[in-house]
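Residue numbers (the numbering used here), protein chains in the order written: chain A, 6 to 106; chain B, 278 to 955; chain C, 3 to 510. All C-beta atoms, glycine included, are put in the ideal place defined by N, C-alpha and C. None of these values were measured; they are calculated from a predicted model. Reading through the structure tokens given below for one structure.
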Amino acid sequence: MSIGIEYYVLLSMGLFCIGLFGVLTRRNALMFLMSVELMLNAANINLIAFAFYHGNLTGQVFALFTMALAAAEVAVGLGIILVLYRNFRDVDVTVPTTMRW
Amino acid sequence: MEGAFSYAPAIAAFPLVAFVVALTFGKWLPKKGAIPGIAATAGSLLFSLWMLAAVASGEVYHETLYEWTAGAAASEVGTEGIDFTFGILIDPLAALMLVIVSLVAFLVHVFSLGYMNAEGETGLPRYYAGLGLFTFSMLAFVYADNLLMAFIFFELVGLCSYLLIGFWFRTRSAPSAAKKAFLVTRFGDYFFLIGVVAIAATFGTVAFAGDDSFVAAAETAINDGDTLFGFDAQTWVTITGLLVLGGVLGKSAQFPFHTWLPDAMEGPTTVSALIHAATMVAAGVYLVARMFGYYALSPTTLAIIAFVGGFTALFAATMGVVKDDIKQVLAYSTISQYGYMMLGLGVGGYVAGVFHLMNHAFFKALLFLGAGAVIILMHHEQDMWKMGGLKDKAPVTYYTFLAGALALAGIIPFSGFWSKDEILYDAMIVGLEEPVILAAYAMGLAAVFFTGFYTFRMVFLTFHGEPRSEAAEDPHSIGWAVKAPLITLGVLALVAGVANLAPVAKIVGADITFLEHWLDGEYGAVEGLTYSAYGELVAYETGVIGSEQLTVLIAAGLSLLLAFSGAGLAWKLYNVPEPVPYKDRLGTVGDAAEANYYQDEYQVWLANGLTRPVARAADRFDQTVIDGTVNGVSTASLFGSSWMKRLQTGIVTNYAALLVAGFIGLLLVLGLYGGWFL
Amino acid sequence: MMIEALLAVALVGALVTFVAPNRIAGKLAFAISLVPAALSLWMFAAFDGSGNALLDGTLAFESQVEWIDLGSYTISWFVGLDGISLPLVVLTTILTSLAIMSSWTPIDNRESQFYGLILFIEANLIGVFAALDFFLWFIFWEAVLIPMYLLIGIWGGPRRKYAAIKFFVYTNVASLLMFGAFIALVLGLGDGVTSFALPEVANAMLNGGPDGLFGLEGTTLASVVFVAMFLGFAVKVPVVPFHTWLPDAHVEAPTPASVLLAGVLLKMGTYALLRFNFTMFPDQVETYAVPIAAIAVISVIYGAMLALAQTDLKRIVAYSSVSSMGYVILGLVAYTQFGIGGATFQMVSHGLISGLMFMAVGVIYNATHTRLVTDMSGMADRMPVAVGILVAGAFGYMGLPLMSGFAAEYFIFFGAFGAGFDYAPLFTALAMFGIVLVAGYLLFALQRAVFGPYRLETDYEVSRAPLHDIAPMFVLLGIIIALGVAPDLIFEMITDAVDPILENGGEL
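This is the structure in structure tokens:
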């Protein structure tokens, strides 16, 4: 038996929207990072689901790439957050607006 | 005499070497560069005399020495290539002029020993370098064999005049006068250069002489009825001739370009002598004589030359009447005398014009050097009203000056009479047939009276009467270096007229018109550059009153009568122990003459009142409109981006929201175009 | 390999100078710059090329190596010299050496960087004149801007940032226009060309022209490209009304940068006009001759009028450069041997004379710390030699015969007077009025600044200039007079390269 592709897409969409909601509403940088992770994972689900659906491995390979990318991104992101905290004594993303121009 | 001409380049090269030597080593030389200058001009004089002798023995020289550049250029008359070269043309005219120029330059150098060195001037190496370059340029100009070379040295003459008029650069007036001299003559040279370019582009040659000269080409074009640059050949020759004439009017200080010359008196008096007698001012008239064949092709141009000459002669003479500065009087007399030469050439009196050029070189050099001697005597006072009574204290100066004055005034038998009379005679016989020339003649004749008057006013105020200042009571002494040139020139002013006693020849029938034979190529001549060749080209009718002898007598009598009456009036008014100015009695006429008929005013207005405001307006336009547009573009983009950058709030959430909104918007647009919602 | 050697010496020299201590940087850079100068003089003596580089001429010192293959187009390292580019290369190397010597006095901070940049500019300028592949040429063309931007922006006067940015942005935007136009042209030529090599493009242009692109007819495309490239180069030349960056850049730039800017950088614009517009588009030249001639005349007269209104000596020379470059445009559009040859001659001559003028003004500025003619008077009293050279340079600028300026102007006027376009004599006569105006503003400036009684408004003691300030000017003056007396030193070479251009439509 197999679950229809549309359910995977719905799951992925749900996960993505949660992540997006987090990005749009949260002010804590750590929460931001987590939300971004959720969105990436939503994409991963899509990749793997469609790979399964089409019966080739390209999507799975790309999912692996994405994971590696996500790991790197978290490393850099945490580094930035640490620096933010060191400079602004806070991890609120609305604080360092002085860096905009 | 065969080999003489191979040394011709040395004539100009000597002063050039003197220029370099004076400029580089002058500081360390005894007399600060005067010795090389004197040696060089003496060398030039000797070589020029040698050339004169060679021409007298029947040889002429026309040789291209150096190719400046050559190239392909299609001309209007069909030739395909053009050569711009430096060459030497020594024909009777050039040989004569070489001697005049090098003689005057030599005497001026000698005189400078007394005038500049003895007076302890500073910057003498610069002075002698300038004189050397001046002499070089003029000599090279004189024997130039083509129009471009003539223009090149014509311009260099202008440079030298700038440097020498501005010799006393620490004053305010000298640099200003130098600038004015250069600018006014440059304005004339602008037309000259157009003329050179036009002639080169029309005929594919700029040579003065020979079968491939532009004169010959122009004659052919006129005979063939060619169309040149959209004009018929005759008109085009007139146009180009007038363009070249622009340079002549500028350098020879003819109306309306005469204004620079009186200002040029700011230079040392020796420089004035050189400029007026033999170099710069003479260059203009010499150029007309040099390319007389070209002007002879165009009666219109000739008539304009004659009319401008006659007008300038009278116009300048009337201004000379009211001047108080001895050098100013001489300056206006120069303008006036060159007007006579132009008149002479313009009526086809080629010999008369050249004759007067020669005589004038001698007596005007004499008068200027005499004035220089007077200035030494007077401890550098130039106002004639502060002089007086120098006659007995400086007899050499007085008698030589008097000889020059008699020549200038045209009193028989001094040289000036013969040449001026010949010009007026030539003008009169043409004028009997041509009304325009008659008007020019009338003005020239009237100028004789004024010439006589101002000349003797100057002599009487300077040398006669009682001393009117302390300087005049106790004049400075003058040395041999001053006296020797004066005496040489004084003798020449007296006897140079023998060269061409045309009236005597006509009346008694003796063959004593040596200069006419000389210029007509009876010794040596370049074909086409002779008096008779020109005579065939000039299209004037001539008339006589009664017989030729009677006409000669009437012409000579009229001019002598006027000269004597002018001189006599001066004698009556000013040859008194305590002369007084009569200028006030002239009223507004006197004021106008004193102010040079407001010629300076309008020309200064053209430069300062018109050009400079226009330039400032252009600058404002440039700063506001053009640069404003450029800066406006940058300001607009800066302003736009200052609004745009507000989108960058610095809050990451906003960016994410924008991203999403953009994505949704894109989806909508794609959807609309893709027809999903239909 | 001679050109590569030139480039290598200049580039390596730039790097060496960059790391050298400030103290010796000036002398070191001068010593290094003598190598390209000597090499280029040797090349001048050994020149064996003939004809035009773009039109099947024999190139001297040619080398061509394939560099990048873009599929349907190849880009190659293609350099070589002909009679037009060689004099400009020699001008560049000599002027660089002299400019370096003349900066010993005024440059007193970050010397090693300054001299390094100057050598870097030299390399790129040589590249611009030697490159014969469009891509390669464009790299050099753009690379020139960077060091000049820095030279003005770091060592410049009070408004240096404004001037540097204006210079950079203005010329860069113009380059973009030109670049786009040229790419469009190459695309429009279709299969006719397989590389960016200029001779190939020129050949394709003269044998048929472009097929069309983006729905434009071939001839329309050619006209559009011609106009766009003309505008692009016009900014660089500069031609009125695109000239306003020039006076700002000149006034703010340090003297040696001004020397190179006026001496060589402006010639890039006219050189490119000659190479691209006037070589590849003979038909368009004929069509647009009258408007271009009008622009030339306006540049001459308007530039001179602007110069007349200035009181800053450097601004006067800067505006007079606008005027002088107008003559070059007039000569180019004349499309005769003397016209184009004279224009090229004027590029060299103006490079020498304006370089001399900027140096002389710089020497006076070093002593007085002002350039305003209203602030000084009678400088001839204190600095006789420097002022003597300034006066000589001014007369050179005025086109005094037997100096190179006269030869150049005379050739241009003569070439333009007999040119084929409508009213050519009238345009020429109008442009010639520039010789009166130039005498006017220079003599006015001289009268006020260097003659008259001595007076100086700034608190500096004026003394004679040191020998190393004077020597470069004497060298320039010597070259100027040599070229004026014997223009055939380079004019024969130039006309040899100009003639093939005229066979395609001009009247020889």
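query: Looking only at DSSP bridge pairs, what is Phe80/C linked to?
result: Against the third sequence, residue 80/C aligns to sequence position 78. Per DSSP, Gln66/C.
message: Just to confirm the assignment, what range does the beta strand (DSSP E) spanning Leu342/B have?
response: For this step, residue 342/B is matched to residue 65 along the second sequence. Where Leu342/B is concerned, the enclosing beta strand (DSSP E) stretches over 338–349.
query: Where do the N-terminal and C-terminal ends of the alpha helix (DSSP H) with Ile472/C fall, by residue?
result: What you label residue 472/C is simply residue 470 of the third sequence in a count that begins at 1. Start and end: 469–487.
task: Determine the DSSP secondary structure at Thr60/C, reduced to helix, strand or coil.
output: For the purposes of this step, residue 60/C is identified with residue 58 of the third sequence, where counting begins at 1. Strand.
Pair within 8 angstroms by beta-carbon distance, Thr94/C and Ile128/C: Along the third sequence, read from residue 1 onward, the residue named residue 94/C stands at position 92. Along the third sequence, read from residue 1 onward, the residue named residue 128/C stands at position 126. A contact, by the Cβ cut-off of 8 angstroms.
message: For a contact defined as C-beta to C-beta under 9 angstroms, what are the partners of Val474/B on chain C?
response: Counted from its first residue, the second sequence places residue 474/B at position 197. Ordered by position in chain C, the residues that pass the 9 angstroms Cβ test against Val474/B are Tyr412, Phe415, Phe416, Ala418, Phe419, Gly420, Pro427, Thr430, Ala431, Met434.
field: chain A within 8 angstroms of Thr930/B, Cβ atoms only
entry: Indexing the second sequence from 1 puts residue 930/B at position 653. Answer yes: the Cβ-Cβ gap between Thr930/B and chain A drops below 8 angstroms somewhere.
- request: Note down, in chain order, every chain A residue with its Cβ under 8 angstroms from the Cβ of Ala934/B.
  value: In the second sequence, the residue the question calls residue 934/B occupies position 657. Simply Leu29.
query: In chain A, which residues lie with their C-beta within 7 angstroms of the C-beta of Val946/B?
result: Start at 1 with the first residue of the second sequence, and residue 946/B comes out as number 669. Near Val946/B there are no residues of chain A at all, since even the closest Cβ is about 20 angstroms away, more than 7 angstroms.
query: Nearest to Pro854/B by alpha carbon, out of Leu924/B, Val881/B, Pro744/B, Leu520/B?
result: Taking the first residue of the second sequence as 1, we reach residue 854/B at position 577. Out of Leu924/B, Val881/B, Pro744/B, Leu520/B, Pro744/B has the C-alpha closest to the C-alpha of Pro854/B.
query: Rounded to a whole number of angstroms, what is the C-alpha to C-alpha distance between Leu332/C and Met104/A?
result: The residue given as residue 332/C occupies position 330 in the third sequence. The residue given as residue 104/A occupies position 99 in the first sequence. Between Leu332/C and Met104/A, the C-alpha separation is close to 54 angstroms.
query: Once you ignore the five residues that flank Ala12/C on each side, which residues in its own chain have a CB closer than 7 angstroms to its CB?
result: Along the third sequence, read from residue 1 onward, the residue named residue 12/C stands at position 10. So the list reads Pro38, Leu121, Glu124, Ala125, Ile128, once near-sequence residues are dropped.
- prompt: Excluding sequence positions up to five away, which residues of its chain have a Cβ less than 8 angstroms from the Cβ of Tyr467/B?
  reply: One-based indexing of the second sequence puts residue 467/B at position 190. Correct list, in chain order: Gly523.
- request: Mind checking which residues open and close the beta strand (DSSP E) that includes Thr364/B?
  value: Within the second sequence, numbered from 1, the residue matching residue 364/B stands at position 87. A small correction: the amino acid at residue 364/B is Gly; Thr does not occupy that position in the sequence shown. Residues 358–367.
- prompt: Quick one: is Ile109/C buried, meaning 16 or more other Cβ sit within 10 Å of its Cβ, or exposed?
  reply: Along the third sequence, one-based indexing puts residue 109/C at 107. It counts as buried.
task: Go to Asp383/C, then tell me how far its alpha helix (DSSP H) extends in each direction, as first and last residue.
output: For this step, residue 383/C is matched to residue 381 along the third sequence. Residues 381–384.
task: Determine the DSSP secondary structure at Ala395/B, reduced to helix, strand or coil.
output: The residue given as residue 395/B occupies position 118 in the second sequence. It is coil, neither helix nor strand.
message: If you measure between the beta carbons of Leu262/C and Thr98/C, is that distance less than 8 angstroms?
response: Against the third sequence, residue 262/C aligns to sequence position 260. Against the third sequence, residue 98/C aligns to sequence position 96. Yes, Cβ-Cβ distance for Leu262/C and Thr98/C is below 8 angstroms.
Collapsed DSSP secondary structure at Asn423/B in the structure displayed: Your numbering for residue 423/B matches position 146 in the second sequence. In the structure shown, Asn423/B sits in a strand (DSSP, three-state: E or B).
message: Only counting the same chain, and skipping five residues up and downstream in sequence, which positions put a Cβ closer than 8 angstroms to that of Gly805/B?
response: Within the second sequence, residue 805/B is the residue found at index 528, counting from 1. Correct list, in chain order: Ala486, Gly487, Ser490, Val492, Ala493, Gly570.
query: Excluding five sequence neighbours on each side, which residues of the same chain lie with their C-beta closer than 8 angstroms to the C-beta of Ala894/B?
result: Working through the second sequence from its first residue, we reach residue 894/B at position 617. There are no such residues.
- prompt: Are the segment 323–337 of chain B and the segment 364–382 of chain B touching by the rule of at least three beta carbon pairs closer than 8 angstroms?
  reply: yes
query: Which residues, taken in chain order from the segment 897–909 of chain B, show a beta carbon closer than 7 angstroms to some beta carbon of chain C?
result: Asp899, Ile903, Asp904, Val907
field: Whole-number beta carbon distance between Asn279/C and Met231/C, since they are thought to touch under 8 angstroms
entry: Counting from 1 along the third sequence, the entry for residue 231/C is found at position 229. Counting from 1 along the third sequence, the entry for residue 279/C is found at position 277. At roughly 6 angstroms, the Cβ-Cβ gap stays under 8 angstroms, so Met231/C and Asn279/C are in contact.
message: Tell me which residue opens and which closes the alpha helix (DSSP H) that Leu935/B is part of.
response: As a working mapping, residue 935/B is identified with position 658 in the second sequence. Taken as a continuous stretch (DSSP letters only), the alpha helix (DSSP H) holding Leu935/B covers 929–951.
query: Is there a Cβ from chain B that is less than 8 angstroms from the Cβ of Met307/C?
result: Mapped onto the third sequence, residue 307/C falls at position 305. Yes, contact with chain B.
task: Compare the C-beta of Gly443/B with all C-beta atoms of chain C and state if any pair is closer than 8 angstroms.
output: Counting from 1 along the second sequence, the entry for residue 443/B is found at position 166. Judged by the 8 angstroms Cβ criterion, Gly443/B is in contact with chain C.
Spatial neighbours of Tyr343/B in its chain, beta-carbon cut-off 6 angstroms, leaving aside the 5 residues before and after: Translated into the one-based positions of the second sequence, residue 343/B becomes position 66. Hits under 6 angstroms: Phe363.
- prompt: Hey, would you say Arg447/B sits closer than 8 angstroms to Asp383/C, going by beta carbons?
  reply: For the purposes of this step, residue 447/B is taken as the residue at position 170 of the second sequence. For the purposes of this step, residue 383/C is taken as the residue at position 381 of the third sequence. Yes, the Cβ-Cβ distance between Arg447/B and Asp383/C is below 8 angstroms.
- request: List the endpoints of the continuous alpha helix (DSSP H) containing Asp868/B.
  value: Translated into the one-based positions of the second sequence, residue 868/B becomes position 591. It spans 864–871 - the alpha helix (DSSP H) in which Asp868/B sits, taken as one unbroken run.
query: From the beta carbon of Leu25/A, is the nearest beta carbon of chain B less than 8 angstroms away?
result: Against the first sequence, residue 25/A aligns to sequence position 20. Yes, Leu25/A lies at the interface with chain B (some Cβ there is under 8 angstroms from its Cβ).
message: Can you pull the chain B neighbours of Thr102/A, defined as C-beta to C-beta under 8 angstroms?
response: Here the question's residue 102/A lines up with position 97 in the first sequence. The answer, in chain order, is Thr926, Gly927, Ile928.
Stretch-stretch touch, CB-based, cutoff 8 angstroms, three pairs: the segment 180–196 of chain C with the segment 112–120 of chain C: no
- prompt: Hey, is Thr376/C's beta-carbon within less than 8 angstroms of any beta-carbon in chain B?
  reply: Position 374 of the third sequence, counting from 1, holds the residue named residue 376/C. Output row for Thr376/C: interface = no.
message: For Ala229/C, report the span of its alpha helix (DSSP H) as first-last.
response: Position 227 of the third sequence, counting from 1, holds the residue named residue 229/C. Note on identity: in this sequence residue 229/C is Val, with Ala being the wrong assignment. Per DSSP, Val229/C belongs to the alpha helix (DSSP H) from 220–238.
- prompt: Under 8 angstroms between the Cβ atoms of Val376/B and Ala555/B?
  reply: Along the second sequence, read from residue 1 onward, the residue named residue 376/B stands at position 99. Along the second sequence, read from residue 1 onward, the residue named residue 555/B stands at position 278. For Val376/B and Ala555/B, no; Cβs fall outside 8 angstroms.
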